[in-house]
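Student: The structure's right below; bear with me while I get my questions together.
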Amino acid sequence: MLRKSFLALSLPLLLSATSLPDLFSALKEHAQTKSDEMAVKQAEVANKIANAKLYPTVNLFAKYDYTTEPVGMIPVSPETNAKLLADPSKPAQPFSQNRFSEGINFTMPLFVKSIYTMSDKAKKMQKSVKAKKRINLLKNEAVIVGANANYLYLIELEKSLDKKKEFLLETEKTIKIKIDNGRAPVSALYIIDDRFNQLKMMKNSLALQKEQLINRIRSLTGITLNRPIPMQEVRAVHTSDILESLTPLKLKIDANKLEIDAQKEKLYPSLVAYGSYYFSQAKAYNNNENVSETYGNVGLLLNIPLLAMENYQEIKKSKMQMYKDKLEYEKLEEVLKSKAIMLQKTMTLLESSIKLSQKSVVDKERLLEIAKVNYTNGRLSTEEYLRYEDDVIDASAKLYKTKAQKWQTLMELAVIYANNIEEMVK
Numbered sequence: 116m117l118r119k120s121f122l123a124l125s126l127p128l129l130l131s132a133t134s135l136p137d138l139f140s141a142l143k144e145h146a147q148t149k150s151d152e153m154a155v156k157q158a159e160v161a162n163k164i165a166n167a168k169l170y171p172t173v174n175l176f177a178k179y180d181y182t183t184e185p186v187g188m189i190p191v192s193p194e195t196n197a198k199l200l201a202d203p204s205k206p207a208q209p210f211s212q213n214r215f216s217e218g219i220n221f222t223m224p225l226f227v228k229s230i231y232t233m234s235d236k237a238k239k240m241q242k243s244v245k246a247k248k249r250i251n252l253l254k255n256e257a258v259i260v261g262a263n264a265n266y267l268y269l270i271e272l273e274k275s276l277d278k279k280k281e282f283l284l285e286t287e288k289t290i291k292i293k294i295d296n297g298r299a300p301v302s303a304l305y306i307i308d309d310r311f312n313q314l315k316m317m318k319n320s321l322a323l324q325k326e327q328l329i330n331r332i333r334s335l336t337g338i339t340l341n342r343p344i345p346m347q348e349v350r351a352v353h354t355s356d357i358l359e360s361l362t363p364l365k366l367k368i369d370a371n372k373l374e375i376d377a378q379k380e381k382l383y384p385s386l387v388a389y390g391s392y393y394f395s396q397a398k399a400y401n402n403n404e405n406v407s408e409t410y411g412n413v414g415l416l417l418n419i420p421l422l423a424m425e426n427y428q429e430i431k432k433s434k435m436q437m438y439k440d441k442l443e444y445e446k447l448e449e450v451l452k453s454k455a456i457m458l459q460k461t462m463t464l465l466e467s468s469i470k471l472s473q474k475s476v477v478d479k480e481r482l483l484e485i486a487k488v489n490y491t492n493g494r495l496s497t498e499e500y501l502r503y504e505d506d507v508i509d510a511s512a513k514l515y516k517t518k519a520q521k522w523q524t525l526m527e528l529a530v531i532y533a534n535n536i537e538e539m540v541k
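Take 116 as the starting number for the sequence shown in our numbering and just add one per residue.
In structure tokens form, the structure reads like this:
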């Protein structure tokens, strides 16, 4: 019974517990990622469509023909036609004005070079879309980590403000005692009241910023965080000369090259096999008796384009698209390389700043202890003492903010080099 009660009480806590893997899993199931998955499926279908053109096309058909003069239901050789005319015992001749036909036909490409190239292009585009899906996922994961890091910063800042409130309450008590003893003017309380008002405004500002961060995470995962998630870096960023975040665009350029080749290859000769089988019925024109005939054929078609202006324009269009994507690639490559260098230097500086900020917090806290003694002994004014309290809060805020900036910088580098963020952060 006790065990059941314990489980009943602990279950809600377990269900509300959230970790970074929970957020990443929710991201993969959310609409943001599902739309990228749909793009991948569309690319897969496009690949199958391109490959399908290599297979035969087979059709069943039924048709009706009317001509102003009797026409043969099947091809008849001159020799056979002469026998039909010479033999009066033949009940009917296979000629009619109204003909009904059913049958089957097929076409099959034997050599159409552009089909194979377009199939290769579709495969490249499929890889490009998959790579883009992965990069988009990394970008969204980076947003989640960065938002959570800022959330942690705001919570720590809020704790510092709560601590400051405690300082102000203690100071207020001290001032009231001094006022009662005639050692401080009543106006000293106005300073404390003003500090309380400033504190409330800062807390309101923090609450607004928190809601914005919570909403940013919720928009990507559907999860509303009640508190930030503690994080730690378990693996450093792996950097290289290759910017993997540009992989989708690079694959697209490769696909554009194949598109140009395919358009050129449409000007090549093509060889296609074809065939059909007919079953025709009609009333013979000479005696109106019912006639039915069967007829089949197979063949090869060699097609040699001589003038195809549309294809020449398609070649130009494909080249322009490729050059456009190349320029975009070169531009992004320069921007990202420069940014990566800047971020790596920033990481070094931030790590140094964190150490200095930690030392600064310790020093400010020691100075505050000394100031508290001097203020109690009347050697410091209220305003002077409050400045020491503010210094501690400011130093702590700078430390938390620097840590948040480090996380954001780390995530930006991870996206540029397409590192696995789920393996970097726990």
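All residues carry an ideal CB built from backbone N, CA and C; glycine is no exception.
Considering Tyr444, what are the terminal residues of the alpha helix (DSSP H) in which it resides?
Tutor: Within the sequence shown, numbered from 1, the residue matching residue 444 stands at position 329. Note, Tyr444: alpha helix (DSSP H), 424-491.
Student: Would you call the region 241-250 and the region 142-158 in contact, with 3 or more CB pairs under 8 Å?
Tutor: Contact holds: three or more Cβ-Cβ distances are below 8 Å.
Student: Would you report the Cα separation of Gly543 and Tyr392, rounded to the nearest angstrom?
Tutor: Beyond the ends of the chain as shown, which are 116 and 541, falls residue 543; an answer cannot be given.
Student: Can you tell me which of the three DSSP states Ala177 falls into?
Tutor: Indexing the sequence shown from 1 puts residue 177 at position 62. Strand.
Student: On the three-pair Cβ rule with 8 Å, is the region 436-444 touching the region 411-423?
Tutor: Counting Cβ pairs under 8 Å, fewer than three are found: no touch.
Student: Pull up the DSSP beta-bridge partners for Tyr392, would you.
Tutor: As a first step, residue 392 is located in the sequence shown; it is residue number 277 there, counting from the start. Answer is Ile219, Gly411.
Student: Just reading off the alpha helix (DSSP H) that Val155 is part of, what are its end residues?
Tutor: For the purposes of this step, residue 155 is taken as the residue at position 40 of the sequence shown. Start and end: 146-167.
Student: How long is the line joining the alpha carbons of Glu498 and Arg310, rounded to whole angstroms?
Tutor: If you number the sequence shown from 1, residue 498 lands on position 383. If you number the sequence shown from 1, residue 310 lands on position 195. Rounded to whole angstroms, Glu498 to Arg310 spans 10 Å at the Cα level.
Student: Three or more C-beta pairs closer than 8 Å, one from the region 425-432 and one from the region 501-512: is that the case here?
Tutor: The region 425-432 is not in contact with the region 501-512.
Student: DSSP three-state label for Glu404, please.
Tutor: Numbered from its first residue, the sequence shown carries residue 404 at position 289. Glu404 falls in the coil class under three-state DSSP.
Student: Would you give the residue range spanned by the alpha helix (DSSP H) that Ile259 belongs to?
Tutor: Taking the sequence shown and counting its residues from 1, the one referred to as residue 259 is at position 144. It spans 228-295 - the alpha helix (DSSP H) in which Ile259 sits, taken as one unbroken run.
Student: Throw me the rounded Cβ distance for the Leu335 and Ile270 pair, which I believe falls under 8 Å.
Tutor: Sequence index remark: in the sequence shown, residue 335 carries index 220 (1-based). Sequence index remark: in the sequence shown, residue 270 carries index 155 (1-based). So it is not a contact: roughly 20 Å between Cβ atoms.
Student: For the region 211-226 against the region 162-181, do three or more pairs of beta-carbon atoms, one drawn from each stretch, fall closer than 8 Å, so that the two count as touching?
Tutor: With a cut-off of 8 Å, the region 162-181 and the region 211-226 count as touching, because enough Cβ pairs lie within range.
Student: To the nearest angstrom, how far is the alpha carbon of Gln473 from that of Ala237?
Tutor: On the sequence shown, position 358 is the one that residue 473 refers to. On the sequence shown, position 122 is the one that residue 237 refers to. Taking the straight line joining both Cα atoms gives about 55 Å.
Student: Helix, strand or coil: how does DSSP classify Arg214 here?
Tutor: For the purposes of this step, residue 214 is taken as the residue at position 99 of the sequence shown. Arg214: strand per DSSP, three-state reduction.
Student: Determine the DSSP secondary structure at Thr183, reduced to helix, strand or coil.
Tutor: The residue labelled residue 183 in the question sits at position 68 within the sequence shown. In the structure shown, Thr183 sits in a strand (DSSP, three-state: E or B).
Student: Tell whether a beta-carbon distance below 8 Å holds between Ala519 and Tyr268.
Tutor: Numbered from its first residue, the sequence shown carries residue 519 at position 404. Numbered from its first residue, the sequence shown carries residue 268 at position 153. The answer is yes: Cβ separation under 8 Å.
Student: Considering only C-alpha positions, which residue in the set Gly261, Lys318, Met316 is nearest to Thr517?
Tutor: Position 402 of the sequence shown, counted from the first residue, corresponds to residue 517. Nearest of Gly261, Lys318, Met316 to Thr517, Cα basis: Gly261.
Student: If you draw a straight line from the C-alpha of Asn213 to the C-alpha of Lys398, how long is it?
Tutor: The sequence position of residue 213 within the sequence shown is 98, counting from 1. The sequence position of residue 398 within the sequence shown is 283, counting from 1. Their backbone Cα atoms lie some 7 Å apart in a straight line.
Student: Is the region 320-328 touching the region 282-293, taking contact as three or more C-beta pairs under 8 Å?
Tutor: In short, these stretches do not touch, since the Cβ pair count stays below three.
Student: Take every Cβ of the region 524-535, pair it with every Cβ of the region 354-364, and state whether three or more of those distances are shorter than 8 Å.
Tutor: In short, these stretches touch, since the Cβ pair count reaches three.
Student: Near Lys239, what residues of its chain come up, given a Cβ to Cβ distance below 6 Å and the 5 sequence neighbours on each side ignored?
Tutor: Along the sequence shown, one-based indexing puts residue 239 at 124. Counting only Cβ-Cβ distances below 6 Å, and skipping sequence neighbours, we find Leu366, Asp369, Ala370.
Student: Can you tell me whether DSSP reads Lys398 as helix, strand or coil?
Tutor: One-based indexing of the sequence shown puts residue 398 at position 283. Three-state result, Lys398: strand.
Student: Nearest-angstrom Cα distance between Pro136 and Asn263?
Tutor: Counted from its first residue, the sequence shown places residue 136 at position 21. Counted from its first residue, the sequence shown places residue 263 at position 148. Approximately 13 Å between the Cα atoms of the pair.
Student: Of all the options Val488, Met539, Asn162, which has the alpha carbon lying nearest to the alpha carbon of Gln241?
Tutor: The residue you call residue 241 lines up with position 126 of the sequence shown. Checked all of Val488, Met539, Asn162; the closest Cα to Gln241 is Asn162.
Student: Rounded to whole angstroms, what's the CA-CA distance from His145 to Thr354? Just pull it up for me.
Tutor: Counting from one through the sequence shown, the residue named residue 145 turns up at place 30. Counting from one through the sequence shown, the residue named residue 354 turns up at place 239. Near 29 Å, if we compare the C-alpha coordinates of Thr354 and His145.
Student: Closest to Met435 by CA distance: which of Glu374, Gly493, Ser475, Ile219 is it?
Tutor: Looking up residue 435 in the sequence shown gives position 320. Minimum Cα distance to Met435 is reached at Glu374.
Student: By DSSP, does Asn312 sit in helix, in strand, or in coil?
Tutor: On the sequence shown, residue 312 is found 197 positions in, with the first residue counted as 1. Looking at Asn312 - three-state DSSP - the assignment turns out to be helix.
Student: Evaluate Ser120 with the Cβ neighbour count: other Cβ atoms within 10 Å of its Cβ, from every protein chain shown; 16 or more gives buried, anything less gives exposed.
Tutor: Indexing the sequence shown from 1 puts residue 120 at position 5. Low local confidence applies: a pLDDT of 44 at Ser120 is under 50, so the model's placement there is unreliable, and no value is given.
Student: What's the C-alpha gap between Thr183 and Tyr400?
Tutor: Residue numbering aside, residue 183 sits at position 68 when the sequence shown is read from its first letter. Residue numbering aside, residue 400 sits at position 285 when the sequence shown is read from its first letter. For Thr183 and Tyr400, the distance between alpha carbons rounds to 12 Å.
Student: From this set, Ala158, Ala299, Tyr515, Lys460, which residue's C-alpha is nearest Thr491's C-alpha?
Tutor: Residue mapping note: residue 491 aligns to position 376 of the sequence shown, counting from 1. The shortest Cα separation from Thr491 among Ala158, Ala299, Tyr515, Lys460 belongs to Ala299.
Student: With a Cβ-Cβ cutoff of 8 Å, do Val349 and Leu525 count as a contact?
Tutor: Within the sequence shown, numbered from 1, the residue matching residue 349 stands at position 234. Within the sequence shown, numbered from 1, the residue matching residue 525 stands at position 410. Contact: no.
Student: Return the CA-CA distance between Glu527 and Lys454, expressed in angstroms with no decimal places.
Tutor: In the sequence shown, counting from the first residue as 1, residue 527 sits at position 412. In the sequence shown, counting from the first residue as 1, residue 454 sits at position 339. Their backbone Cα atoms lie some 9 Å apart in a straight line.
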